[in-house]
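Just so you know, the protein sequences line up as chains W and L, in that order. Everything in the first sequence is counted per the working numbering, starting at 6 for the first residue and increasing by one. Everything in the second sequence is counted per the working numbering, starting at 6 for the first residue and increasing by one.
Protein chains: 2
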Amino acid sequence: VSTEPLSTTERTRLGRKPQRGAADRDELYAVLDSGLICHLAVVVNDYPRVLPTAYGRDDDTLYVHGSSGNSTLAAASGRQVCVTVTHLDGMVCARSVNNHSMNYRSAVIYGEARLVTDGDERIRALRVITEHLIPGRWEGAREPNRKELAATSVLAVPLAEASVKSRSGPPIDQEEDLTLGYWAGVIPVRTVFGAPESDTELPVPEHIYARAGHTLSG
Amino acid sequence: VSTEPLSTTERTRLGRKPQRGAADRDELYAVLDSGLICHLAVVVNDYPRVLPTAYGRDDDTLYVHGSSGNSTLAAASGRQVCVTVTHLDGMVCARSVNNHSMNYRSAVIYGEARLVTDGDERIRALRVITEHLIPGRWEGAREPNRKELAATSVLAVPLAEASVKSRSGPPIDQEEDLTLGYWAGVIPVRTVFGAPESDTELPVPEHIYARAGHTLSG
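In structure tokens, the structure reads:
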């Protein structure tokens, strides 16, 4: 695992509100490890395209996967991509409309997506993605067989060029607005899990309860 | 409001699992109207960039806004963008790793972002974005003044080229996996609001309670 601080490149330098940026690699890991989906952006025929997808992190590599017939993954393979993970933590209500904001944590990663061709790395990547979403799930289900692996594409994006940004806390109003008589504050937003809905008569296993039993963020 | 069904263009034709697609414009509106943030993708110096941002919908126009110094909005102005709104509804656990999935609803919009220069439309767009996030909030806060408006950029994206995709329900396993003895089912995922955290001694207004008092999705 790299202990280098996050790089600052032309692409990752924060133009607006740089005080919201984080330079610590652990903060990147924290945002990624507590998210469920990312938004993967690619350029296809000169146009931007962004789609939600699952992901997982193995040290300083982020993995995404999909069907081998997935045109977005095909367009991303060997090309520059941008991957963003966003946690929305609250809606920030100021006295002025202009100072309304969001509380959030987000990570933006730039890099070249590498098509994973090595068999061992492909299996490891799928395990990382599966375990990212539900720790313990890899052992709790049937592993992919040869045919399924052949129908799956895996891309690796290095965590070398990334920025992390966040906002938390109450609204920040101009001094002269504080006495206007408008309510101000934060409406917290959280992502939560509901009770597992079984599709079988088997008992709900511990790793499913463990995942569903706690609040994800906020 | 257009009553045209959703267009199918080369960009919006669903390559994978077209049965998950929706052709009804009302389904596009439903996904957009129940979301809080979108992910806006642009091409900057030939590279893809995707960032989370607030948005609002006025009939067949989607609005986003930001500081006039925001380099992503500047790069998007007059250019092709892709805007995606995603609701994650559940983690779908199948007997096989390969059939794991997500329950979700997502909308993907392609179009040229138009910089809004007309003063009336700018105000209307900001009102639409504000009211999208918290209905009633525009009247519950101080309106933007001339200086604040001058420091704000608004972009309009037409809802002319879009696709909607969703998955719901239990896992779908291969017949031969049904008896393997692995648990299968869905862990629901929901976005919820917490109790408002006041930054003032004024009472929490009705529009804030109305927003915070109900579950957003799922």
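We put the beta carbon where it would ideally sit given N, CA and C, even for glycine. Here the structure is a predicted model, which is why all the values come from computation and not from measurement.
Item: Beta-carbon neighbours of residue 41 (chain W), restricted to chain L and to distances below 9 Å; Value: 93, 96, 107, 194
Item: Best match in W:117, W:105, W:104 for proximity to residue 78 (chain W) [C-alpha to C-alpha]; Value: W:117
Item: Collapsed DSSP secondary structure at residue 37 (chain W) in the structure displayed; Value: helix
Item: Any chain L beta carbon closer than 8 Å to residue 133 (chain W); Value: no
Item: Cβ of residue 128 (chain W) within 8 Å of any chain L Cβ; Value: no
Item: Alpha-carbon to alpha-carbon, residue 114 (chain W) and residue 29 (chain W); Value: 14 Å
Item: Helix, strand or coil at residue 76 (chain W) according to DSSP, with G and I counted as helix; Value: helix
Item: Proximity test, Cβ basis, 8 Å: residue 223 (chain L) and chain W; Value: Per-residue confidence for residue 223 (chain L) stands at a pLDDT of 41, beneath the threshold of 50, marking its modelled position as unreliable; the derived number appears in the next sentence. Yes, contact with chain W.
Item: Where residue 27 (chain L) sits in the DSSP three-state scheme; Value: strand
Item: Touching by the beta-carbon criterion (3+ pairs, under 8 Å), the stretch 92-112 of chain L and the stretch 143-155 of chain W; Value: yes
Item: Delimiting residues of the alpha helix (DSSP H) encompassing residue 135 (chain L); Value: 124-138
Item: Partners in chain L for residue 201 (chain W), counting only beta-carbon separations shorter than 9 Å; Value: 98, 188, 190, 191, 192, 193
Item: Residue from L:49, L:106, L:68, L:109 whose Cα sits closest to the Cα of residue 84 (chain L); Value: L:49
Item: Outcome for residue 37 (chain W) when other beta-carbon atoms lying within 10 angstroms are tallied against a minimum of 16; Value: buried
Item: The stretch 18-25 of chain W / the stretch 55-73 of chain W touching (three or more Cβ pairs under 8 Å); Value: no
Item: Residue 217 (chain W) beta carbon less than 8 Å from that of residue 193 (chain W); Value: no
Item: In DSSP terms, what residue 63 (chain L) is bridged to; Value: L:66
Item: Under the three-state DSSP convention, the category residue 177 (chain L) falls into; Value: coil
Item: Residue-chain proximity (residue 24 (chain W), chain L), Cβ-Cβ < 8 Å; Value: no
Item: Span separating the alpha-carbon of residue 141 (chain L) from that of residue 125 (chain W); Value: 55 Å
Item: Contacts around residue 213 (chain W), its chain only, beta-carbon distance under 6 Å, and the 5 residues preceding and following it disregarded; Value: 201
Item: C-alpha gap between residue 123 (chain W) and residue 87 (chain W), whole angstroms; Value: 23 Å
Item: Distance CB(residue 167 (chain W))-CB(residue 11 (chain W)) smaller than 8 Å; Value: yes
Item: For residue 54 (chain W), three-class secondary structure by DSSP; Value: strand
Item: Start-to-end residues for the alpha helix (DSSP H) that takes in residue 211 (chain L); Value: 211-217
Item: Meets three-Cβ-pair contact criterion under 8 Å: the stretch 62-81 of chain W and the stretch 152-161 of chain W; Value: yes
Item: Closest residue to residue 129 (chain L) among L:169, L:164, L:68 (Cα-Cα distance); Value: L:68
Item: Which of helix, strand or coil DSSP assigns to residue 155 (chain W); Value: helix
Item: Within chain L, partners of residue 145 (chain W) - CB distance below 7 Å; Value: 187, 188
Item: Per-residue DSSP class, three states only, for residue 167 (chain L); Value: strand
Item: Partner residues on chain L for residue 182 (chain W), Cβ-Cβ distance less than 8 Å; Value: 147
Item: Contact with chain W by residue 82 (chain L), beta-carbon distance below 8 Å; Value: no
Item: Local Cβ density within 10 Å of residue 215 (chain L), reported as buried at 16 or more and exposed below that; Value: exposed
Item: Buried or exposed by the 16-neighbour rule on C-beta atoms within 10 Å, applied to residue 151 (chain W); Value: exposed
Item: C-beta neighbour in chain L for residue 112 (chain W), strict 8 Å; Value: no
Item: Rounded C-alpha distance that separates residue 170 (chain L) from residue 206 (chain L); Value: 44 Å
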